[in-house]
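J.: Structure below; questions to follow.
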Amino acid sequence: RAPDYIRAIAPYQAGKPISELAREMGLDEAAIVKLASNENPLGLPPKARAALEAALSDLARYPDGNGFALKAAIAERFAVTQDQVLLGNGSNDILELVARTFLRPGDSVVFSEYAFAVYPLVTQATGARAIEVKARDYGHDLDAMLAAIEPSTRLVFIANPNNPTGTLIKPGALLEFLEAVPEDVLVVLDEAYTEYLAPELRADVIGFLARFPNLLVSRTFSKAYGLAGLRVGFALASAAIVGMINRVRQPFNVNSLAQAAAVAALDDADFLARAVALNRQGMAQLTEALARLDLPYIPSFANFVTFHVGDAAALNSYFLRHGVIVRPLASYNMKNSLRVSIGLEEENARFIEVLEAALR
Ligand code: PMP
Numbered sequence: 006r007a008p009d010y011i012r013a014i015a016p017y018q019a020g021k022p023i024s025e026l027a028r029e030m031g032l033d034e035a036a037i038v039k040l041a042s043n044e045n046p047l048g049l050p051p052k053a054r055a056a057l058e059a060a061l062s063d064l065a066r067y068p069d070g071n072g073f074a075l076k077a078a079i080a081e082r083f084a085v086t087q088d089q090v091l092l093g094n095g096s097n098d099i100l101e102l103v104a105r106t107f108l109r110p111g112d113s114v115v116f117s118e119y120a121f122a123v124y125p126l127v128t129q130a131t132g133a134r135a136i137e138v139k140a141r142d143y144g145h146d147l148d149a150m151l152a153a154i155e156p157s158t159r160l161v162f163i164a165n166p167n168n169p170t171g172t173l174i175k176p177g178a179l180l181e182f183l184e185a186v187p188e189d190v191l192v193v194l195d196e197a198y199t200e201y202l203a204p205e206l207r208a209d210v211i212g213f214l215a216r217f218p219n220l221l222v223s224r225t226f227s228k229a230y231g232l233a234g235l236r237v238g239f240a241l242a243s244a245a246i247v248g249m250i251n252r253v254r255q256p257f258n259v260n261s262l263a264q265a266a267a268v269a270a271l272d273d274a275d276f277l278a279r280a281v282a283l284n285r286q287g288m289a290q291l292t293e294a295l296a297r298l299d300l301p302y303i304p305s306f307a308n309f310v311t312f313h314v315g316d317a318a319a320l321n322s323y324f325l326r327h328g329v330i331v332r333p334l335a336s337y338n339m340k341n342s343l344r345v346s347i348g349l350e351e352e353n354a355r356f357i358e359v360l361e362a363a364l365r
């Protein structure tokens, strides 16, 4: 029998495969527009595609269990040492590894209302207690989060920008927070969407790492780098923290294809720049339409935008019937809101067209 704290977990609701949805709705699979998972609409970076082809010949061998080449590339890019880099099977794996390494029943974890859904999951799976702090304007209320830290608190999760709200904590506020957090509490700064930020909005996390030994920064190749299906994430932290987590990590948690593609993606500056530029244009396209249609939305710093409607469940099924997949947020307790990812211009246009039709 699973422990009560496992039985109490609300299962993560994954979306249906497109093929299944197409069958159910009687739609042509190719006509379906998927704007539900904050993926990169440009697809694979060209350099990653070439690296994947080259890596195929080695697939009968185990991956490099230490991810040497990828860690070296990340260390060089971010000016840290290789023992400060941790690799994960997506950044979800990083979040889970952190929880498994540092939490036990009786501990507590602080995170915000409307913060990324995986924080409560990985917390509860260890038997630790979640302390969910009320959001302010849909974003992190850092003062309230600080005040919520208890003697039993071992971890704080912060998503910046946050999913599903797209809200941002400015670098100055983040720094003040880090200065105030007790040293024996690990702050997990989840920066899955950081590449989309204008440089002046990006915190100097490498500088922060040198100052705060209780900081771990989590990043992913799933968003701006376009490798969501390969599952690669990484964390930057002190060598002591990384060393501790590596004791818990499975040796082959990042497969060979993922490692090869990530090294190449890191080197594909053109692709990254195109992805970020496309996102900026698409964000303008979607938010202009939402404003024109009088639908309030949460200003977003990521690759998606969350907007509010009267009956989100009904609008969501209208979208599905017309082959547009967006993300309902009822599981986040935002039952009047939908989240739409920024797609290609024509995908955004299709979303807007169906939205207009639904509101007529
Ligand atoms: N953190 C945040 C805030 C996210 O939105 C996501 C993806 N939805 C992740 C982490 C995990 O992404 P991945 O496991 O693909 O790296």
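For the sequence shown, full-length UniProt numbering gives the first residue as 6, with consecutive numbering after it. Glycine included, each C-beta is placed from N, C-alpha and C at the ideal position.
Using only the alpha-carbon positions, how far apart do Gly348 and Gly171 sit?
T.: Here the question's residue 348 lines up with position 343 in the sequence shown. Here the question's residue 171 lines up with position 166 in the sequence shown. Each residue's alpha carbon lies about 16 Å from the other.
J.: Note down, one range per segment and in chain order, each beta strand (DSSP E) of at least 3 residues found wholly within the segment 107–173.
T.: 113–117, 134–138 and 158–164
J.: Please name the residue or residues paired with Arg365 in a DSSP beta bridge.
T.: The residue you call residue 365 lines up with position 360 of the sequence shown. According to DSSP, Arg365 bridges with nothing at all.
J.: Short check: CB of Lys39 to CB of Ile330, under 8 Å?
T.: Sequence index remark: in the sequence shown, residue 39 carries index 34 (1-based). Sequence index remark: in the sequence shown, residue 330 carries index 325 (1-based). Taking 8 Å as the Cβ cut-off, Lys39 and Ile330 qualify as a contacting pair.
J.: In terms of alpha-carbon separation, which member of Leu291, Ile99 and Val161 lies closest to Val359?
T.: By 1-based counting over the sequence shown, the position of residue 359 is 354. Ranking the options by Cα distance to Val359, first place goes to Leu291.
J.: Going by the CB atoms, is the gap between Asp146 and Ser117 shorter than 8 Å?
T.: Translated into positions along the sequence shown, residue 117 becomes position 112. Translated into positions along the sequence shown, residue 146 becomes position 141. In contact: Ser117 and Asp146 (Cβ atoms closer than 8 Å).
J.: Taking Ala53 as the reference, which of Val186, Phe217, Gly248 and Leu262 has the closest Cα?
T.: The residue labelled residue 53 in the question sits at position 48 within the sequence shown. The candidate whose alpha carbon is nearest that of Ala53 is Leu262.
J.: Alpha carbon to alpha carbon, what distance is there between Lys76 and Ser62?
T.: For the purposes of this step, residue 62 is taken as residue 57 along the sequence shown, with counting starting at 1. For the purposes of this step, residue 76 is taken as residue 71 along the sequence shown, with counting starting at 1. Cα to Cα, the separation comes out at about 22 Å.
J.: So is the beta-carbon of Asn258 under 7 Å away from any non-hydrogen atom of ligand 3?
T.: No copy of ligand 3 appears in this structure; the ligands present are ligand 1.
J.: Strictly closer than 6 Å from CB to any heavy atom of ligand 1: give me those residues in the order they appear in the chain.
T.: Asn43, Gly95, Ser96, Asn97, Phe121, Ala164, Asn168, Asp195, Ala197, Thr225, Ser227, Ala233 and Gly238
J.: Going along the chain, which residues of its own chain have a beta-carbon closer than 6 Å to the beta-carbon of Ala319, five neighbours each way excluded?
T.: For the purposes of this step, residue 319 is identified with residue 314 of the sequence shown, where counting begins at 1. Hits under 6 Å: none found.
J.: For Pro125, which residues in the same chain have their Cβ closer than 6 Å to its Cβ, ignoring the five residues on either side in sequence?
T.: Start at 1 with the first residue of the sequence shown, and residue 125 comes out as number 120. Excluding positions up to five away in sequence, the list reads Ala135.
J.: Terminal residues of the continuous alpha helix (DSSP H) containing Ser24?
T.: As a working mapping, residue 24 is identified with position 19 in the sequence shown. In the DSSP assignment, Ser24 falls within the unbroken alpha helix (DSSP H) covering Ile23 to Met30.
J.: Rounded to whole angstroms, what's the CA-CA distance from Ala130 to Arg297? Just pull it up for me.
T.: Within the sequence shown, the letter at position 125 stands for residue 130. Within the sequence shown, the letter at position 292 stands for residue 297. If you draw a straight line from the Cα of Ala130 to the Cα of Arg297, it is about 44 Å long.
J.: Hey, would you say Ile250 sits closer than 8 Å to Val115, going by beta carbons?
T.: Counting from one through the sequence shown, the residue named residue 250 turns up at place 245. Counting from one through the sequence shown, the residue named residue 115 turns up at place 110. Not closer than 8 Å, so no.
J.: Give the list of continuous beta strand (DSSP E) stretches no shorter than 3 residues that lie fully inside the segment 191–224.
T.: 191–195
J.: Please report the residue range of the alpha helix (DSSP H) in which Pro8 lies.
T.: Within the sequence shown, the letter at position 3 stands for residue 8. Neither: Pro8 is in no alpha helix (DSSP H) and is coded neither H nor E.
J.: Among the residues of its own chain, which have a CB less than 8 Å from the CB of Arg207, if the five just before and after it don't count?
T.: Within the sequence shown, residue 207 is the residue found at index 202, counting from 1. The answer, listed in chain order, is Pro176 and Thr199.
J.: With burial defined as no fewer than 16 other Cβ atoms inside 10 Å of the residue's Cβ, what is the status of Gln255: buried or exposed?
T.: Reading the sequence shown from its first residue, position 250 is the one you call residue 255. Exposed: under 16 other Cβ atoms inside 10 Å.
J.: To the nearest angstrom, report how far apart Asn97 and Arg66 are at their CA atoms.
T.: Walking along the sequence shown from the start, residue 97 turns up at place 92. Walking along the sequence shown from the start, residue 66 turns up at place 61. Rounded to whole angstroms, Asn97 to Arg66 spans 25 Å at the Cα level.
J.: Counting along the chain, where does the alpha helix (DSSP H) carrying Lys52 start and finish?
T.: Here residue 52 refers to the residue found at position 47 when the sequence shown is read from its first residue. First-last of the alpha helix (DSSP H) with Lys52: Pro51 to Ala60.
J.: Can you list, in chain order, the residues of its chain whose CB lies under 8 Å from that of Val247, leaving out five sequence neighbours each side?
T.: Position 242 of the sequence shown holds residue 247. Excluding positions up to five away in sequence, the list reads Asp88, Gln89, Val90, Leu91 and Ala240.
J.: Between Asn43 and Phe226, what straight-line distance do the alpha-carbon atoms span, to the nearest angstrom?
T.: Here residue 43 refers to the residue found at position 38 of the sequence shown. Here residue 226 refers to the residue found at position 221 of the sequence shown. Roughly 12 Å separates the two Cα atoms.
J.: With the cut-off set at 8 Å, would you say Tyr302 and Ala270 are in Cβ contact?
T.: Along the sequence shown, one-based indexing puts residue 302 at 297. Along the sequence shown, one-based indexing puts residue 270 at 265. Going by C-beta atoms, Tyr302 is not nearer than 8 Å to Ala270.
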